[in-house]
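Structure, as structure tokens:
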Amino acid sequence: MSANAESNIKSIMEEIAQLKAQLAEKEVLLCVEGGVISKKSKKKGQESKIDTEPVQGCRDFPPEEMRMRKYLFNAFHTTGQTFGFEEYDAPVLESEELYIRKAGEEITEQMFNFVTKGGHRVTLRPEMTPTLTRMLLAKGRSLLLPAKWYSIPQCWRYETITRGRRREHYQFNMDIVGVKSIAAEVELVCAICFTMEQLGLTSKDVGIKVNSRKVLQTFVTQVGVSPELFAPVCIIVDKMEKLPREEVEQELAKLGLSPNIIETITSTLKMGSLDEIAEKIGADHAAVVELRSFFDLIAAYGYADWVLFDASVVRGLAYYTGIVFEGFDREGKFRAICGGGRYDNLLSLYGSPNPIPCAGLGFGDCVIVELLKEKNLLPSIPQKMDDVVIPFDESMRPAALKILKALRSQGRCADIIMEKKKIVQAFSYADRVGAVRAVLVAPDEWSRGEVRVKMLREGGGKDSNDRGISIKFDDL
80 MSANAESNIK SIMEEIAQLK AQLAEKEVLL CVEGGVISKK SKKKGQESKI
130 DTEPVQGCRD FPPEEMRMRK YLFNAFHTTG QTFGFEEYDA PVLESEELYI
180 RKAGEEITEQ MFNFVTKGGH RVTLRPEMTP TLTRMLLAKG RSLLLPAKWY
230 SIPQCWRYET ITRGRRREHY QFNMDIVGVK SIAAEVELVC AICFTMEQLG
280 LTSKDVGIKV NSRKVLQTFV TQVGVSPELF APVCIIVDKM EKLPREEVEQ
330 ELAKLGLSPN IIETITSTLK MGSLDEIAEK IGADHAAVVE LRSFFDLIAA
380 YGYADWVLFD ASVVRGLAYY TGIVFEGFDR EGKFRAICGG GRYDNLLSLY
430 GSPNPIPCAG LGFGDCVIVE LLKEKNLLPS IPQKMDDVVI PFDESMRPAA
480 LKILKALRSQ GRCADIIMEK KKIVQAFSYA DRVGAVRAVL VAPDEWSRGE
530 VRVKMLREGG GKDSNDRGIS IKFDDL
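Counted the way our numbering counts, the sequence shown spans residues 80 to 555.
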């Protein structure tokens with residue numbers, strides 16, 4: 080090739096690189112998703128304004144939303160503690176390898192992962208079970224079994240945003256470690272029902288579908304599917320309610336499965352009852368025996384009307400090994416509310432020298448909040464404020480601070496007017512923040528060891544001329 084030709088090619092390549100850079104810059108300016116103001120939407124003087132929306136798929140929690148979140152979390156905490164679980168937590172950043180190895184392809188594709196400045200590959204945790212596994216292994220022989228742990232971590236997945244689905248969510252996790260029997264699954268499903276009841280939901284609103292992965296595994300093994308392919312099969316068939324049947328079958332075909340095997344899988348998922356399963360694989364099959372025992376024990380606890388058998392439930396995580404379950408709304412308006420199951424092999428896969436049986440559940444905050452809104456079950460939770468202390472003027476502020484400390488020492492939630500306001504405005508502010516009482520510290524009353532108290536709730540506080548009654552400081 081001549082030097083001239085080489086020079087021309089180099090020049091063309093540089094032009095292409097320049098055009099690509101210009102195009103990328105335009106795409107960034109036009110990109111709304113990244114939180115950048117659209118070039119088209121920019122007006123004069125807006126260049127320096129910050130986008131006030133959170134990153135797409137994420138949520139802000141201003142005080143009124145935080146009160147709703149706390150209400151939900153209180154229900155989670157109550158369930159965990161009532162059922163004898165201990166709370167734990169862990170860093171939101173985890174080693175990428177922890178999830179790539181065992182969680183399944185869908186989760187690894189959705190991870191928020193990156194390389195640290197130190198060259199370590201990390202990810203924002205997409206779910207909590209691998210983290211729990213790491214922590215259990217770290218405790219080694221010091222771990223007292225059975226262990227019952229719960230947590231409410233924030234989890235991150237880069238997935239399609241829909242109603243009840245975000246790119247971050249909080250998830251109530253409960254895990255039982257060291258119990259081989261289905262008593263663990265029974266305990267977890269009862270915990271779900273108990274939580275729903277706390278939130279005002281009934282078995283007419285919510286149901287829990289139950290199956291065992293051993294059922295599908297038995298059928299696919301009979302038609303020659305290798306054990307290595309079983310987890311990928313489960314991950315794909317878990318999409319049955321989200322994707323058209325044809326797409327699911329195409330994904331199964333990509334695994335190398337024949338049309339006959341795919342038909343076996345889809346027909347198994349359609350089986351309508353445990354009796355039908357028993358006819359096919361035998362009433363004494365381990366999966367059938369476990370499931371019958373599970374339903375009997377749930378009935379004994381008193382939650383029979385919440386649960387039902389559903390052969391299509393397999394859950395989309397690779398590590399489940401036995402009974403699996405999934406909470407759903409009876410009207411079918413939302414995706415799964417919660418889910419879980421048994422994962423007996425996970426600790427061994429991560430390096431445990433001895434197999435340790437485990438079962439767990441995950442209960443996200445997004446779908447349940449949407450359901451509670453749909454059912455008008457989200458309570459209106461006002462700001463909690465017992466007292467607002469009002470200094471008559473700045474000369475009374477030291478006395479007002481003394482009152483403020485005394486009230487707080489009694490365990491009352493108390494605030495103080497921090498800037499000079501007219502008395503009427505101060506009373507109005509106390510009323511707006513939901514205070515039970517306004518406590519006015521004025522010179523005349525204070526000289527007698529008294530303050531003036533105005534009741535603001537239960538019909539009080541509406542009369543602007545009502546300045547309250549005088550009460551001895553010691554009687555507050």
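Glycine is no exception: its CB is placed at the ideal position from the N, C-alpha and C atoms.
In the three-state scheme derived from DSSP, where H, G and I count as helix and E and B as strand, Ala521 is classed as coil. Per DSSP, Gln504 is not a residue of any beta strand (DSSP E); the alpha helix (DSSP H) it occupies stretches across 502–511. Classified as buried, Phe155 has 16 or more neighbouring CB atoms from the shown chains inside 10 Å of its CB. Ala514 and Leu535 have their C-alpha atoms some 7 Å from each other. By the Cβ neighbour-count rule, Met497 is exposed, with fewer than 16 other Cβ atoms within 10 Å of its own. Distances from the alpha-carbon of Ser291 to those of Tyr380, Phe404, Asp472 put Phe404 closest. The beta carbon of Val468 lies closer than 6 Å to those of Ala479, Ile482, Leu483, Ile495, Val518 in the same chain, with the five residues before and after it left out. Taking the CA atoms as reference points, Ile416 sits about 13 Å from Leu278. With respect to the C-alpha of Gly286, the residue from Gly443, Gly197, Lys227, Phe407 having the closest C-alpha is Phe407.
CA-to-CA, the gap between Gly136 and Phe442 works out to about 19 Å. Nearest neighbour of Phe374 by Cα position, chosen from Glu453, Pro311, Ser337, Glu266, turns out to be Glu266. If the five residues before and after Tyr167 are omitted, its C-beta is found closer than 6 Å to the C-beta atoms of Trp228, Ser230, all from its own chain and listed in chain order.
For Ala509, the closest C-alpha among the options Glu524, Ala521, Ala493, Asp523 is that of Ala493.
Counted as a single uninterrupted DSSP element, the beta strand (DSSP E) harbouring His248 occupies residues 247–256. Inclusion of Val446 and Arg414 in the CB contact set at 9 Å is warranted, their separation being smaller than that value.
A straight line joining the alpha-carbon of Asn339 with that of Pro311 spans about 18 Å. Inclusion of Thr343 and Val302 in the CB contact set at 9 Å is warranted, their separation being smaller than that value.
Contact check between the region 196–207 and the region 161–176: three or more CB pairs, one atom from each, fall below 8 Å, which counts as touching.
Asp254 sits close to Ala438, with the two beta carbons spaced by under 9 Å. In this structure, Thr400 sits away from Asp384, with a CB-CB distance that is not shorter than 9 Å. If you look at Leu451, you'll find it isn't in any beta strand (DSSP E); it sits in the alpha helix (DSSP H) that goes 444–453.
When secondary structure is reduced to three states using DSSP, Asp284 falls in the coil class, being assigned neither helix nor strand. In the displayed model, Thr195 falls within coil according to three-state DSSP, outside both helix and strand. Secondary structure note for Tyr229: its beta strand (DSSP E) is the uninterrupted segment 226–230. In the three-state scheme derived from DSSP, where H, G and I count as helix and E and B as strand, Ile496 is classed as coil. For a cut-off of 8 Å, the C-beta gap from Leu215 to Leu222 is around 6 Å, short enough to register as a contact. Under a 10 Å Cβ-count criterion, Pro458 is classified as exposed, with fewer than 16 other Cβ atoms of the shown protein chains found around its own Cβ. In terms of Cβ geometry, Glu524 and Ser488 do not form a close pair [threshold 9 Å]. Across the structure, Ala365 and Leu387 are spaced so that their CA atoms are roughly 19 Å apart. Following the DSSP letters along the chain, one finds Val393 in no beta strand (DSSP E), marked with neither H nor E.
Annotation for Leu172: the continuous beta strand (DSSP E) segment containing it runs 172–174.
In this structure, the alpha-carbon of Asp130 lies about 13 Å from that of Asp139.
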